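Enquirer: Per the UniProt record's numbering, residue 1 is the first one in the sequence shown, and the count goes up by one each step. Cβ atoms here follow ideal geometry from the backbone N, Cα and C, with glycine treated the same way. Just so it is clear, the structure is predicted and the values come from calculations on it, not from any experiment.
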Amino acid sequence: MLGGVLISHLQATAPQLSFRSAPEDWKCESLDLHIFQRSVMMIFAIEEINKDPNLLPNITLGYRIYDNCMNVEVALRAAMTLIAGLDDVITDYNCTGVPPVVAIVGDPLSIHSIAISRLLGLFRMPLISYCATCACLSDKVEFPSFFRTIPSDTFQVKAIVHILKHYNWTWVGIVGIDDDYGFYAIDSLNKEVKKFGCVAFSETFKVTDSAKLTYIAKVIKQSTATVIVAFLIKAAATVFVNEISKHNITGKQWIASDSWSAFHMFASNEKFGIFGGTLGIAVRRGDIPNLDKFLLSTRPTSDPENMLINKLWEELFECRFPTNSTSSDSSGTKICTGSEDIASTKTDYTDVTDLRTSYNVYKAVYSLAHSLHNLMTCENGKGPFKNNTCADIKNVQPWQLFHYLKKVDFIDRLGKRFAYDKNGDAIPAYDIINWQRLEDGTMISKTIGVFDESPASGYQLSFKEEDIFWNFVSRKNQLSAAASRAAVHCMYMGAVLIPNTFAITSPTSSYLKSF
Numbered sequence: 001m002l003g004g005v006l007i008s009h010l011q012a013t014a015p016q017l018s019f020r021s022a023p024e025d026w027k028c029e030s031l032d033l034h035i036f037q038r039s040v041m042m043i044f045a046i047e048e049i050n051k052d053p054n055l056l057p058n059i060t061l062g063y064r065i066y067d068n069c070m071n072v073e074v075a076l077r078a079a080m081t082l083i084a085g086l087d088d089v090i091t092d093y094n095c096t097g098v099p100p101v102v103a104i105v106g107d108p109l110s111i112h113s114i115a116i117s118r119l120l121g122l123f124r125m126p127l128i129s130y131c132a133t134c135a136c137l138s139d140k141v142e143f144p145s146f147f148r149t150i151p152s153d154t155f156q157v158k159a160i161v162h163i164l165k166h167y168n169w170t171w172v173g174i175v176g177i178d179d180d181y182g183f184y185a186i187d188s189l190n191k192e193v194k195k196f197g198c199v200a201f202s203e204t205f206k207v208t209d210s211a212k213l214t215y216i217a218k219v220i221k222q223s224t225a226t227v228i229v230a231f232l233i234k235a236a237a238t239v240f241v242n243e244i245s246k247h248n249i250t251g252k253q254w255i256a257s258d259s260w261s262a263f264h265m266f267a268s269n270e271k272f273g274i275f276g277g278t279l280g281i282a283v284r285r286g287d288i289p290n291l292d293k294f295l296l297s298t299r300p301t302s303d304p305e306n307m308l309i310n311k312l313w314e315e316l317f318e319c320r321f322p323t324n325s326t327s328s329d330s331s332g333t334k335i336c337t338g339s340e341d342i343a344s345t346k347t348d349y350t351d352v353t354d355l356r357t358s359y360n361v362y363k364a365v366y367s368l369a370h371s372l373h374n375l376m377t378c379e380n381g382k383g384p385f386k387n388n389t390c391a392d393i394k395n396v397q398p399w400q401l402f403h404y405l406k407k408v409d410f411i412d413r414l415g416k417r418f419a420y421d422k423n424g425d426a427i428p429a430y431d432i433i434n435w436q437r438l439e440d441g442t443m444i445s446k447t448i449g450v451f452d453e454s455p456a457s458g459y460q461l462s463f464k465e466e467d468i469f470w471n472f473v474s475r476k477n478q479l480s481a482a483a484s485r486a487a488v489h490c491m492y493m494g495a496v497l498i499p500n501t502f503a504i505t506s507p508t509s510s511y512l513k514s515f
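Written out as structure tokens, the structure is:
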């Protein structure tokens with residue numbers, strides 16, 4: 001059994017506590033179709049592995065997947081349920097037997113992964129995140145069983161720094177979310193930029209702090225810095241983009257971190273004049289055969305444990321499944337029949353043209369499968385455990401899988417090599433993307449460069465300059481008077497600048513559940 005703690009909903013409401021009865025479940029709202037695809041990707045990968053006669057033969061993988069609803073308390077509750085099982089009361093104190101799950105895929109958020117890893121690390125149960133990038137999670141003393149299929153912010157900052165140096169952008173503003181992800185990334189970029197340029201401002205905000213958002217927007221508008229780096233997650237990016245648009249701040253070159261660079265729709269319609277041309281750091285994409293057919297085969301179920309699939313259906317077709325407390329007569333809402341044609345929809349859920357984070361989920365599942373396969377093929381007398389023994393695949397323990405996961409190295413179905421380094425991080429490689437608009441108005445993220453620091457390639461940064469869209473007229477080698485004064489002040493403060501421009505240059509048991 002594999003566990004999953006992923007995102008489906010973007011908002012969670014805590015139940016009211018009366019202390020007179022058992023608390024009700026958390027209420028999760030705002031289902032995100034694009035993000036929900038990643039949960040289904042985990043199911044797709046598991047079913048694909050179960051059909052492969054050469055990988056884990058005669059072994060069937062199952063899954064239990066929970067929605068963290070973008071809330072750390074919900075995420076921790078999900079992780080606890082996965083490792084402790086579903087029984088309310090445990091009467092047998094015998095600790096032998098197969099654990100409820102042997103590893104967990106998730107959590108995508110750094111702040112959640114930090115909390116969960118501190119718990120799972122005690123048992124050496126692997127937690128494989130597909131999106132948590134905080135450099136702090138590379139600390140194997142504090143987070144011994146944490147792995148990730150995405151490079152850490154250490155390498156993301158390297159990529160951003162190389163972009164800044166490539167275009168000689170030395171007067172930079174930095175904005176980030178007010179959490180561990182934002183703090184570590186901003187601190188790291190601050191230190192690197194000051195080696196060759198200056199930081200005009202460095203600000204953080206919480207999603208709920210509208211006053212701070214307004215203040216940051218004014219700082220950005222008044223600053224002479226034309227290049228702004230933003231370390232945000234989607235929820236933070238949503239309110240940030242709206243605030244910047246409200247103030248109509250144009251003439252800035254945005255650099256988006258990997259947690260929000262995939263959401264090019266932020267530059268749609270009237271926002272294109274502000275955020276069009278954004279450069280972004282993005283994990284490498286993968287084209288996964290047959291995934292589109294699998295997504296279109298999704299069907300609602302009567303199983304109450306698979307409630308998220310039904311919620312997806314309701315979101316896709318703007319209908320509701322009848323319950324004991326609701327009916328078509330009382331609500332006036334269209335009733336779902338379950339026979340609606342998903343192939344007739346065109347949504348982010350069925351879009352497989354730009355699989356990046358979903359591909360990371362795919363790699364996480366396969367890394368577990370290959371680790372289990374290596375564990376299963378161990379020869380007696382040559383094993384890695386006490387007295388050269390091997391683990392029993394029918395009674396495998398998380399700490400045994402953890403041993404093999406550290407050494408896993410395989411070629412995936414797309415022909416790409418995958419392995420973890422000594423810190424449990426993925427091999428560092430990024431696409432550099434550019435938010436562009438086609439003639440028909442469609443927004444796209446176009447790959448215009450690559451940053452690859454894998455051992456095979458060494459250091460490599462490349463751009464297709466002719467493919468880049470710049471959102472305002474190039475002003476190469478022209479410094480405004482304000483920027484000139486800023487440069488002089490920066491040099492006076494002791495920084496070393498690159499003399500150039502400050503402006504733009506052109507199955508056994510399986511279900512999907514929400515708490």
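Taking buried to mean at least 16 other C-beta atoms within 10 Å of its own C-beta, is Asn-54 buried or exposed?
Expert: Counting Cβ neighbours within 10 Å, Asn-54 comes out exposed, since fewer than 16 surround it.
Enquirer: Quick one: any contact between the region 134-154 and the region 190-200, if contact means 3 or more CB pairs under 8 Å?
Expert: No, the region 134-154 does not touch the region 190-200.
Enquirer: State buried or exposed for Met-41, treating a residue as buried only when at least 16 other CB atoms are found within 10 Å of its CB.
Expert: It counts as buried.
Enquirer: Under a three-way DSSP split, which group does Lys-221 fall into?
Expert: In the structure shown, Lys-221 sits in a helix (DSSP, three-state: H, G or I).
Enquirer: Where Gln-11 and Trp-313 are concerned, what is the direct C-alpha to C-alpha distance, given to the nearest angstrom?
Expert: Each residue's Cα considered, the two are about 19 Å apart.
Enquirer: Along the beta strand (DSSP E) that carries Gln-253, what are the first and last residues, could you check?
Expert: 253-256 is the extent of the beta strand (DSSP E) around Gln-253.
Enquirer: Would you mind listing the alpha helix (DSSP H) stretches within the region 158-232 that are 4+ residues and don't spill past its ends, in chain order?
Expert: Counting only runs of 4 or more, we get 180-193, 210-222.
Enquirer: Just to confirm my understanding: we take Thr-389, look at its own chain, exclude 5 residues before and 5 after, and list those with CB closer than 7 Å. What are they?
Expert: If we look at Thr-389 and ignore the five residues flanking it on each side, its Cβ neighbours are Gly-383.
Enquirer: Find out if the Cβ-Cβ distance for the pair Leu-76, Ala-115 is shorter than 8 Å.
Expert: Contact flag set, yes.
Enquirer: If we ignore side chains and look at the alpha-carbon of each, how far apart do Trp-26 and His-9 end up?
Expert: The straight-line gap from Cα to Cα measures roughly 12 Å.
Enquirer: Beta-carbon within less than 6 Å of Met-1's beta-carbon, same chain only, minus the 5 sequence neighbours each way: which residues are those?
Expert: Same-chain partners within the cutoff: Gly-62, Val-101.
Enquirer: Would the beta-carbon of Ala-237 fall within 8 Å of that of Trp-260?
Expert: Contact flag set, yes.
Enquirer: Looking at Gln-397: is its Cβ nearer than 8 Å to the Cβ of Pro-108?
Expert: No, the pair does not count as a contact, with Cβ atoms beyond the cut-off.
Enquirer: Grab me the residues of Ala-482's own chain with a C-beta within less than 8 Å of its C-beta, minus the 5 sequence neighbours each way, in chain order.
Expert: Note that Ala-482 has pLDDT 45, beneath the 50 cutoff, so the model's placement of it is unreliable and the number below is only indicative. The answer, listed in chain order, is Thr-224.
Enquirer: I need the boundaries of the alpha helix (DSSP H) containing Ala-12, first residue and last residue.
Expert: Looking at the DSSP string, Ala-12 is not in any alpha helix (DSSP H); the run it does join, the beta strand (DSSP E), is 9-13.
Enquirer: Compute the Euclidean distance between the alpha carbons of Thr-13 and Cys-134, then round it to the nearest angstrom.
Expert: Taking the straight line joining both Cα atoms gives about 26 Å.
Enquirer: Got a sec? Which residues, its chain only, sit under 7 Å from Ala-217 by beta carbon, not counting five neighbours each side?
Expert: Same-chain partners within the cutoff: Glu-243, Ile-244, His-247, Ile-249.
Enquirer: Taking the straight line between their C-alpha atoms, what separation do you get for Leu-33 and Ala-267?
Expert: Their backbone Cα atoms lie some 19 Å apart in a straight line.
Enquirer: Taking contact to mean 3 or more Cβ pairs, one atom from each stretch, closer than 8 Å, check whether the region 116-136 and the region 331-349 are in contact.
Expert: At 8 Å Cβ cutoff, the stretches do not touch.
Enquirer: Are the beta-carbon atoms of Leu-438 and Gly-286 separated by less than 8 Å?
Expert: No, they are not a contact pair.
Enquirer: Can you tell me whether Thr-238 is helix, strand or coil according to DSSP?
Expert: If DSSP states are grouped into helix, strand and coil, Thr-238 belongs with the helices.
Enquirer: What does the alpha-carbon distance come out to for the pair Gly-251 and Asn-471?
Expert: If you take the alpha carbons of Gly-251 and Asn-471, they lie about 8 Å apart.
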